[in-house]
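Participant:
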Amino acid sequence: MNKNPFIGPSEQTAGMSRSQARMIIALLGVIIVLVGAGFGAWLVWGGENERDVSGASTVQAGEVAGTTESAEFTESSEPVDSVALLEDAGVDSVNLAPVPEAVGSWGDYELYRSWSGTLRVFENGDPTPMPDDGGGRFPATMNDCGVAMYLVTFRSVNEDVLLDAQLLNAANTVSAMETLSDGWMLGTNCVTPQFAFNSSSGISNLGDVAYDVTEYRQSSVAQPAAVPEQDAPGVVEPVLIQCDDGLSIMGLYSDGVWRTTQECDTPEHRRSAQAEGVCGGLNGREEQPELWAELCQ
């Protein structure tokens with residue numbers, strides 16, 4: 001029933017349509033506001049997360065960089081003062097790292113010659129002495145101890161094998177020993193370096209020892225003496241002054257140089273060297289009883 005007699009049916013329908021339109025517009029406005037607020041919140045949340053991630057990356061990079069720099073600093077070490085190590089080391093001593101280099105001179109000693117090689121040691125075996133250059137007996141004597149000094153640097157080739165590094169004196173007594181895998185010795189010309197198998201952390205029952213030997217002699221005998229001027233021109237050949245009292249066939253010449261010479265390979269020298277081997281050996285009496293009786297008594 002039409003309550004307003006002045007409004008026709010078409011006008012009522014139009015009014016209702018306008019009301020519905022206003023309601024729809026209002027609802028759309030609310031939806032737009034809600035959607036805008038949600039999008040803004042998403043932007044804020046996403047930006048904060050992005051900042052957190054980038055910040056975390058920066059910190060981690062800084063931490064890694066700091067760790068690397070610290071590791072590099074830790075790995076760097078002070079240079080080895082080889083001269084100081086040699087001068088401060090005890091005579092006839094076995095020493096741990098740091099290992100000195102073979103310098104040209106130190107104290108009263110100057111470099112004379114050097115050689116290197118390898119030797120083998122066995123579990124439950126006797127110590128293996130270090131040979132001279134060329135494989136002969138190490139040039140150890142019982143006389144003039146200190147005329148020559150030997151710097152021996154060594155390492156166990158088998159990483160799982162520990163060595164007994166020893167210095168054997170003329171009385172066949174071990175005067176110095178250390179158990180280690182690498183190190184150095186400083187010995188006089190009256191001791192012989194030798195090595196023995198100590199233990200293994202693996203299955204090895206033998207080991208190889210790599211070594212370098214540097215021989216030093218006192219400056220008074222290592223440096224050539226000045227050759228006096230001659231009235232007549234020509235080359236002056238040096239003459240032999242004396243032979244080495246030890247087991248080598250080296251002689252001291254007038255120019256101050258020690259040289260290997262057959263002039264020192266005399267019957268007396270060979271007999272002395274033979275006596276040293278028989279009388280000073282561990283089993284000389286049992287292995288060569290006749291020579292032992294002849295030479296050692």
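Oh and the sequence shown: position 39 is 39 in the numbering used here, straight run, nothing missing.
Think of the CB as a built atom: it goes at the ideal place given N, C-alpha and C, for glycine as much as any other residue.
Fair warning: this is a prediction, and the values are worked out from it, not measured in the lab.
#1: Can you give the Cα-Cα distance for L96 and L180, rounded to whole angstroms?
#2: For the beta strand (DSSP E) containing D212, name the first residue and the last one.
#3: Look up A340 in the DSSP assignment and give the residues it is bridged to.
#4: For Q166, does the three-state DSSP call read helix, strand or coil?
#5: Run through DSSP, which three-state label would I374 get?
#6: Using DSSP bridges, identify the partner residues of R259.
#7: Quick one, which of I31, S93, D244 has its alpha-carbon nearest T188's?
#8: Out of curiosity, what's the CA-to-CA distance linking S54 and P79?
#9: Rounded to whole angstroms, what's the CA-CA distance from D212 to G183? Just pull it up for me.
#10: So G117 and F197 are supposed to be a Cβ contact under 8 Å. How far apart are they, rounded?
#11: Tell me the rounded alpha-carbon separation between L167 and G90.
#12: Measure from the alpha carbon of S156 to the alpha carbon of each residue in S200, T266, S254, then state which is nearest.
#13: Just the Cα atoms here: how many angstroms apart are T141 and A148?
#14: Would you list, in sequence order, the uninterrupted beta strand (DSSP E) runs of no fewer than 3 residues that lie entirely inside the segment 83–132?
#15: Roughly how far, in whole angstroms, is the beta-carbon of L119 from the beta-carbon of L151, given that I think they are within contact range, below 8 Å?
#16: Compute the Euclidean distance between the alpha carbons of L85 and L111, then round it to the nearest angstrom.
#17: Would V103 and L163 qualify as a contact pair, given that the criterion is a beta-carbon distance under 8 Å?
#18: Measuring alpha carbon to alpha carbon, tell me which residue in N169, R285, E123 is nearest V161.
Facilitator: Quick answer:
#1: For the purposes of this step, residue 96 is identified with residue 96 of the sequence shown, where counting begins at 1. For the purposes of this step, residue 180 is identified with residue 180 of the sequence shown, where counting begins at 1. So the two alpha carbons sit approximately 8 Å from each other.
#2: In the sequence shown, counting from the first residue as 1, residue 212 sits at position 212. Counting along the chain, the unbroken beta strand (DSSP E) around D212 starts and ends at 206–218.
#3: Because the chain is modelled from 1 through 297, residue 340 falls outside the range shown and cannot be assessed.
#4: Translated into positions along the sequence shown, residue 166 becomes position 166. For Q166, the secondary structure class from DSSP, reduced to helix, strand or coil, is strand.
#5: Nothing can be reported for residue 374: it is not among the residues displayed for the chain, which extend from 1 to 297.
#6: Counting from 1 along the sequence shown, the entry for residue 259 is found at position 259. Its beta-bridge partners are G251.
#7: The residue you call residue 188 lines up with position 188 of the sequence shown. Selection I31, S93, D244 evaluated against T188 yields S93 as nearest (Cα-Cα).
#8: Indexing the sequence shown from 1 puts residue 54 at position 54. Indexing the sequence shown from 1 puts residue 79 at position 79. In this prediction, S54 has a pLDDT of 46, which is less than 50 and means its spatial position is unreliable; what the coordinates show is noted afterwards. Their Cα atoms are separated by approximately 42 Å.
#9: The residue you call residue 212 lines up with position 212 of the sequence shown. The residue you call residue 183 lines up with position 183 of the sequence shown. Using only the alpha carbons, I get a separation of about 11 Å.
#10: The sequence position of residue 117 within the sequence shown is 117, counting from 1. The sequence position of residue 197 within the sequence shown is 197, counting from 1. The pair is not a contact, with the Cβ atoms about 18 Å apart (cut-off 8 Å).
#11: The residue you call residue 167 lines up with position 167 of the sequence shown. The residue you call residue 90 lines up with position 90 of the sequence shown. So the two alpha carbons sit approximately 13 Å from each other.
#12: As a working note, residue 156 is residue 156 in the sequence shown. Nearest Cα to S156 within the set S200, T266, S254: S200.
#13: Translated into positions along the sequence shown, residue 141 becomes position 141. Translated into positions along the sequence shown, residue 148 becomes position 148. Taking the straight line joining both Cα atoms gives about 10 Å.
#14: Taking only runs of at least 3 residues, the beta strand (DSSP E) segments lying wholly in the segment 83–132 are 93–95, 109–122.
#15: In the sequence shown, residue 119 corresponds to position 119, counting from 1. In the sequence shown, residue 151 corresponds to position 151, counting from 1. Beta-carbon to beta-carbon, L119 and L151 are separated by about 17 Å, too far to satisfy the 8 Å threshold.
#16: In the sequence shown, counting from the first residue as 1, residue 85 sits at position 85. In the sequence shown, counting from the first residue as 1, residue 111 sits at position 111. When rounded, the distance between both Cα atoms is 16 Å.
#17: Locating residue 103 in the sequence shown gives position 103, counting from the first residue. Locating residue 163 in the sequence shown gives position 163, counting from the first residue. Against a cut-off of 8 Å, the Cβ pair of L163 and V103 comes out as no contact.
#18: For this step, residue 161 is matched to residue 161 along the sequence shown. V161 has its Cα closest to that of E123, out of N169, R285, E123.
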